[in-house]
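Just so you know, the sequence shown maps onto residues -28 to -1, 1 to 1178 in mature numbering (1 follows the signal peptide of the UniProt record, and there is no 0).
Just so it is clear, CB atoms sit at the ideal spot from N, CA and C, and this is done for glycine as well.
All values reported here derive from a predicted model rather than from experimental measurement.
In what follows, a single structure is set out as structure tokens and then discussed.
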Amino acid sequence: MRKIVLPKLALALTLVSMAALNSQFTLADEFTPHNLLLQNDSTKKDSLDYPKFKELPLKPEREVKFTTTEGTWMSLDVSPDGKTIAFDLMGDIYTIPVEGGKATPITTGIAYETHPRFSPDGEKILFTSDRAGSDNLWYIDMVKKDTVQVTKDKNGDVPGAAWSPDGDYIVVAKGRRITKLWMYHKDGGGGIQLNPDPAGMKTIDPVVSPDGKKVYFSHRNGAWNYNALLPQYQIGTYDLEEGKITSISSRYGSAFTPTLSKDGKWMAYGSRWDDKTGLIIRDMKTGDERWLAYPVQRDEQESIAPQGVLPAMSFTPDSQHLIASYGGKIWKLPVDGSSATEIAFEADVKLAMGPRLYFNYAIKDTTAKLATQIRDAVPSPDGKKLAFTVLNRLYVMDYPEGNPKRITTHNFTEAMPSWSPDGSKLVFTTWDDSVGGNLYTAQVNGNPNVTKITQESALYMGPVWSPNNRIVVFKGPNRVQFEAEGPGVNGSEATLVWMPAAGGDFTKIMDAGNYGNVHFTKDLSRIYLNGPGGTLLSVNWEGHDEKEHVKIKGITPFGSVADPHAGHDHSVELEDFKYVFGKPISTASVLNYCMLPEGVSAQEPQMQPASASTILMAPEGNKALAQVNNNVYIVTVPQVGKTPTINVGEPKSSNFPSRQLTEIGGEWPAWEANGKKVHWSLGNGHWVYDIEQAEYIEDSVKAAKKAKMLAEADSVSKLKAQGEEAVKLADSLAKAEKKRIDSLFKADKALAKADSIHKAEQKEKENYKPDEKQVKVYFAKDTPKGSILLKNARIITMDGDRVIENGDILIENNRIKSIGETGTLQAGSAEVVDVSGKTISPGFIDTHAHMWPTWNLHKNSVWIYAANLAYGVTTTRDPQTATTDVLTYADMVEAGIVPGPRVYSTGPGVGYWMYNLKSEEQTKNVLKQYSKYYNTQYIKMYLVGNRQHRQWVIMAAKEQELMPTTEGGLDYKLNMTQLFDGYPGHEHSIPIYPLYSDVTKTIAESKMAVTPTLLVSYGGPWAENYFYTTESPLHDPKLNRFTPYNEMNSKARRRVGGLGGWFAPEDHVFEDHARGINDIVKQGGLAGVGSHGQLQGLGYHWELWSVASGGMSPMDALRTATILGAEALGLDQELGSIEEGKLADLVIMDGNPLENIRNTNTISHVVKNGRLYDGNTLDEILPNPRKLDVSPWTKPAPTVTTELKY
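This is the structure we're talking about:
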């Protein structure tokens, strides 16, 4: 009896498996183009052994339903029999009869599927889909009732593809940035690239000639350009017999999306005339051309064009008509040029959508706040104390249980402490905005005895107290820091010097333009440094005898590129960062961190590992501590007579013993003096990793695991024997099932083994965890005391459409006590301010504000913050800060040390230059940096990977109550998938226009907040160039008060090159994009105003006016600038409207913006958190009158000392 149990069980399992496989997708009863319904989790079925494709991980939680007769960017094709049109609409594929009518969905679900192409025999439909996690090419086989995956790339785009005339081959454009032509056979294989050279030539929109001899395509150099000049694209051919590429057009307006008639007589394509796009038809025999339709759908030649430069078109089989979509409709255009006929359709759209992420973030009226970040934390030599800075002030604590204490009373920046060898003193650097920098020492025990040890003020960074009682530091002129108007400083004048610890003269060691992270081992004759490319090296005390010890590499980020000098890709900068006064700094400009860098458009990503930015040799000289991206590792450093390169991306696979210490991330790694423990920090968390303890526990776990395996060996052997006996019996009972049972048996064993290994690895990880401590330093919040009554103003409340034409606002401390008609409020002891004739609105909210003060050595006066507040911006959200410096600056604003708006941010973007996500669990750990340690409330999901990766991010964000926003990336397909996945924020303009109701309705209903940043419009010239040519910012007195001279003149005196220039007024696109924003807002959606940091302060108003330019009413424009922006940030319970109990953030204007939106720039006063400021000077008026010192960033004009005139 026992002998037949196993085969029956195996057979049962087999039948269950077959049943499950057969139920993986549902088809209509009759398998035809009109009623084919293919679910997105479908599986190739022509072989029962074919594995099930992995589904997208995100499970839809919402559904958007509507019926539409128009669509945005619809690619289409006509069946070979001329009876059916297949087209894509909002990421699903539909069919209609060629005469028009009710659309039938071919695909449904959360996957995004586009660009249908009928095979020549009409039995298959080719399409692009991300159903398996990344964009790939698939086809529906309507005879076999099957779906087949053609390409199997993990990363990249597939803008479109075409069949060969015989239906055996498929030509596809695919790639990451520079798409290339590939050819595949329909029945499988890895395909072949047709045009690898020239490397920078992008090829898109392929179509194969009717005779099968040539491939026609659109081509250009590079992926895209900002503020582009025309032409951008031309049409080329690839000869399939000779492999030659030939360009066959030369139009100023470009030529793109070639479409060939079935008889080979005609070629239709798109081109630009003036500011609009039209269709041209060419007689292929004579070469004559004429316009067939003008204007049509605006092309995508000024963005990435992820679905082609124009939507795909198709000739009818008789070659007498071209079927194309434009104006939201489908049209039938006779080739003779006679009038086009609309092919009307109606589609019932059902869109699967991810969760809505909205969290109500409270702003608490506490008197104190826990500091968000500790910086430069370093343990004492015995590990019993920890020195660090909070709000740029120096603290020391007994570690781990002591209370942090300040050891100075300075009112300027203190940074980068280093311990004396005996642990009794600290040396640290300072920065005073009026004096400059110095070095100080402080006695730690007893009386602090703080002493300035430098005789001259200069820029000092990264001081280190050597074991032989010298202080080594990077030194440069104060001027470098004074002139730094953005995050970086010019490090070309840096020198490495040393001085006696007690003070005295400096001795130069070496020029140190690209060296950093000075440290020492027990070998006192050597000074250890980091050099370019993740190199650990050392020199002698004269700066000579340089020796390289090791190069350390790490993970390969998702967006790596090959050439570190070809442009400013984020990953390039991490790979090619430079050291500035000893600190690793990206060589990218601020702009290149905030937008997809144009420089990388000329190359295709070539996966390269990231370099270590910090490498610290252990005191014994046998190991190194390395930070790669945001993780910390220990690496064994061999002596092999040359410089070894060690990759720690997968520590178990490193060529020398390595281990990853951090699970979530870390900054400022440091050794304890004995080399047995490692420290690092993240936010206000601090970790200590005991190397010996970790090794002991891991050895114990391995020993226990080995003993368990030996103990189970007998039972494993018995199970194996039973399995073999079962297989033999199954073979005798059901030979036809043997292979399947065997496969199941092997699969089960493999799964069991993999599960066992996984559990062991997880257990091993969990057995040792470093000690974690939250370092708690509280600071007093800046909350005014007293009451202010603002009288006789027009009040635009943003509480619905309520406007009080003559009203009063009573402010108590930092909140609105009451609001009402003039004379209805009791002033009591409040200071009364008559604002007759003025208009008050809520404070403006900038939902995309890049405000980057100086990194590393911080300043106490921040012109960027002051400029924005003076122009009425009382709340900001920076959706990509590049570094964590913002965490400290934001606390300084909240403490009242630095005047400025409320500073919210996403922190450093969760970006393609930093990560290569491998699992949902890893993604959760990445986001814990933001939810648990940075406490940002928001993240920026910055093109971090494929669709699967992006879904992991939003799933983790939901779990951790983070509100993510996204990078638009000039990519309409990406934008739509992020919308469907439920992302609550979208940054930058959606590059195509017009947006029809299918898109605007979906965005509105989803509550995705779109911040279009029209000053840097996608798909056309930047709006800021319009304002620079029509306004006079250079001579604006207020703007010059708040903007450093170099910053102002570099932006406004001359504008040339790729980011500037002059454009015909009609070529600007910001009004067109603004129309889409207007439609979203009118349908109840969310939008924000984001200045993108283009021109601090005034730039916000330029952006607001741009948003309003698309027909938006002044009231809706002000709603977008206030309450809608607040809702987009989850702050609408605290900000965004003038209501009782809300925070007192107000803008007081001389003009009425409801009459003219440009009156937003007639600001007389600003109220932020209950403080009343003069809008022109930012001097505080109430409750504590004080003048703002602008001297740290203003430069007096030179005095005229000669009589020369010219």
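Inter-residue spacing [alpha-carbon to alpha-carbon] between residue i and residue j
{"i": "W659", "j": "K480", "result": "36 Å"}
{"i": "G539", "j": "K1023", "result": "Residue confidence for G539 is low, a pLDDT of 34 falling below 50, so the modelled location carries little weight and cannot support an answer."}
{"i": "Q427", "j": "E931", "result": "54 Å"}
{"i": "Q611", "j": "K595", "result": "11 Å"}
{"i": "V805", "j": "N918", "result": "56 Å"}
{"i": "K789", "j": "G1113", "result": "6 Å"}
{"i": "L501", "j": "V607", "result": "16 Å"}
{"i": "T4", "j": "T288", "result": "Note that T4 has pLDDT 36, beneath the 50 cutoff, so the model's placement of it is unreliable and the number below is only indicative. Roughly 19 Å between the two C-alpha positions."}
{"i": "P1157", "j": "S808", "result": "22 Å"}
{"i": "N1133", "j": "D857", "result": "31 Å"}
{"i": "N(-7)", "j": "P327", "result": "For N(-7), the pLDDT reaches just 35, beneath the cut-off of 50, and the residue's location in the model is therefore unreliable, although a value from the coordinates is still provided. Answer to the nearest angstrom: the Cα atoms are 30 Å apart."}
{"i": "G653", "j": "D354", "result": "Residue identity differs from the one stated: residue 653 is Ser in this sequence, not Gly. Roughly 18 Å separates the two Cα atoms."}
{"i": "E65", "j": "A75", "result": "Here the sequence assigns Ile to residue 65, which means Glu is not the residue at that position. Taking the straight line joining both Cα atoms gives about 9 Å."}
{"i": "K37", "j": "V875", "result": "38 Å"}
{"i": "K1177", "j": "G1032", "result": "31 Å"}
{"i": "P966", "j": "Q746", "result": "51 Å"}
{"i": "V533", "j": "Q580", "result": "Unreliable placement is indicated for V533, whose pLDDT of 43 sits below 50; no coordinate value is reported for it."}
{"i": "N193", "j": "M173", "result": "5 Å"}
{"i": "N486", "j": "I97", "result": "56 Å"}
{"i": "A862", "j": "L202", "result": "43 Å"}
{"i": "E314", "j": "K124", "result": "38 Å"}
{"i": "E465", "j": "T361", "result": "27 Å"}
C-beta atoms of residue i and residue j nearer than 8 Å
{"i": "P1050", "j": "G1071", "result": "At residue 1050 the sequence reads Asn, which differs from the Pro that was named. Contact flag unset, no."}
{"i": "S226", "j": "Q273", "result": "yes"}
{"i": "L468", "j": "V452", "result": "no"}
{"i": "I669", "j": "K649", "result": "no"}
{"i": "D1104", "j": "G815", "result": "no"}
{"i": "K763", "j": "T811", "result": "no"}
{"i": "D970", "j": "T40", "result": "yes"}
{"i": "P267", "j": "K248", "result": "yes"}
{"i": "V609", "j": "H516", "result": "no"}
{"i": "I1135", "j": "G1147", "result": "yes"}
{"i": "D152", "j": "V130", "result": "Note that residue 152 is Lys in the sequence shown, not Asp. No, these two residues do not count as a Cβ contact at 8 Å."}
{"i": "T853", "j": "W824", "result": "yes"}
{"i": "D405", "j": "K831", "result": "yes"}
Cβ-Cβ separation, residue j to residue i (assumed contact under 8 Å), whole Å
{"i": "W403", "j": "W835", "result": "About 15 Å separates the two Cβ atoms, so there is no contact after all."}
{"i": "V436", "j": "V490", "result": "5 Å"}
{"i": "I82", "j": "A324", "result": "4 Å"}
{"i": "D771", "j": "I1120", "result": "Not really, about 18 Å apart at Cβ, beyond 8 Å."}
{"i": "L1090", "j": "I768", "result": "6 Å"}
{"i": "A340", "j": "K753", "result": "6 Å"}
Host alpha helix (DSSP H) of residue i (start-end)
{"i": "R1047", "result": "F1042 to K1054"}
{"i": "D1088", "result": "P1086 to A1093"}
{"i": "T949", "result": "Y944 to F952"}
{"i": "M681", "result": "I663 to A683"}
{"i": "N897", "result": "E892 to K900"}
{"i": "Q453", "result": "N450 to F454"}
{"i": "M62", "result": "First-last for M62: undefined, no H or E at that position."}
Continuous beta strand (DSSP E) stretch holding residue i: start and end
{"i": "E977", "result": "Note, E977: premise wrong, no beta strand (DSSP E); alpha helix (DSSP H) at S969 to S978."}
{"i": "S352", "result": "Taken as a continuous stretch (DSSP letters only), S352 belongs to no beta strand (DSSP E), as it is neither H nor E."}
{"i": "K789", "result": "R787 to E793"}
{"i": "T937", "result": "M935 to E939"}
Residue i CB to nearest heavy atom of the ligand COA below 7 Å
{"i": "S1085", "result": "The ligand COA is not among the ligands present in this structure, which contains no ligands whatsoever."}
CA nearest to the CA of residue i, picked from the options
{"i": "S136", "options": "K322, S630, S181 and K37", "result": "S181"}
{"i": "P351", "options": "T338, I217, Y367 and E667", "result": "Y367"}
{"i": "D943", "options": "T634, I57 and Q279", "result": "Q279"}
{"i": "residue 1226", "options": "A1046, M980, F999 and M935", "result": "Given a span of -28 to 1178 for the chain in the structure shown, any question on residue 1226 remains unanswerable."}
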